[in-house]
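Chain order of the listed sequences is B and L. Oh and the first sequence: position 36 is 36 in my numbering, straight run, nothing missing. Oh and the second sequence: position 12 is 12 in my numbering, straight run, nothing missing. Every residue gets a Cβ at the ideal spot worked out from N, C-alpha and C, and that includes glycine. Bear in mind the structure is a predicted one, so any value in this text is a computation, not a measurement. Let me begin by presenting the structure, written as structure tokens, before commenting on it.
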Amino acid sequence: MDREQVCLLKEIMEVSFVLDETSLYLDTHPNDERALRLHNNYAQKYSEIVSLYEAKYGPLQNHNMSQYPWAYINGPWPWEFDYRLC
Amino acid sequence: MRTESKRREFQLARAYVPFQIMNNVYNSKEALKKGTLFPELYMPYKYEKRY
């Protein structure tokens, strides 16, 4: 596990937290255009970062695609990350 | 028990939640750190060094 993997994972966690927040806000403010733009920007960024991560380190979730052989089981479990690296 | 919670001094609570209008937002790094995207909702408990 290298520094870059942890940093990428942290960024994914940051972006997905923002999406949690924007989606909750949009539930009660569906007409807030600025909020929707913000949400869509982060949703775009989220899919980019996740595919970047998965191309290098294998599937982040077990229902995502994997190269051959199945890479999910060899990837680190969440508690095996050394989050201090980043 | 029912009648008791009706009497004035036992009224539980009345919530008033103003309708939030999104203004500034934190960047993604700060939002995760602070636990909210919205500065107006960031209210950490201030604690003195008592414990």
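C-beta contact flag for residue i and residue j at 9 Å
i: TYR53(B); j: THR22(B); result: no
i: TYR46(B); j: LEU8(B); result: no
i: GLU14(B); j: LYS29(L); result: yes
i: ASN27(L); j: GLU40(L); result: no
i: MET1(B); j: PRO76(B); result: yes
Terminal residues of the alpha helix (DSSP H) in which residue i lies
i: ALA55(B); result: 33-57
i: ALA31(L); result: 28-34
Buried versus exposed, by CB contacts within 10 Å (16 or more), residue i
i: PHE10(L); result: exposed
i: GLU80(B); result: exposed
i: LEU38(B); result: buried
i: TYR47(L); result: exposed
i: TYR25(B); result: buried
i: ALA55(B); result: exposed
i: GLU4(B); result: exposed
Reduced DSSP category for residue i - H, G, I as helix; E, B as strand; rest coil
i: TYR83(B); result: helix
i: GLN5(B); result: helix
i: SER66(B); result: coil
i: ILE12(B); result: helix
i: ILE73(B); result: helix
i: PHE17(B); result: helix
Cα-Cα separation between residue i and residue j, rounded to whole angstroms
i: ALA71(B); j: PRO59(B); result: 7 Å
i: GLU33(B); j: TYR68(B); result: 42 Å
i: PHE19(L); j: ASN31(B); result: 14 Å
i: VAL17(L); j: PHE38(L); result: 15 Å
i: TYR42(L); j: LEU32(L); result: 11 Å
i: THR36(L); j: SER66(B); result: 33 Å
According to a CB-to-CB cut-off of less than 8 Å, which residues of the stretch 25-48 of chain L neighbour chain D? Of the chains in the structure shown, none is chain D; the protein chains are B and L.
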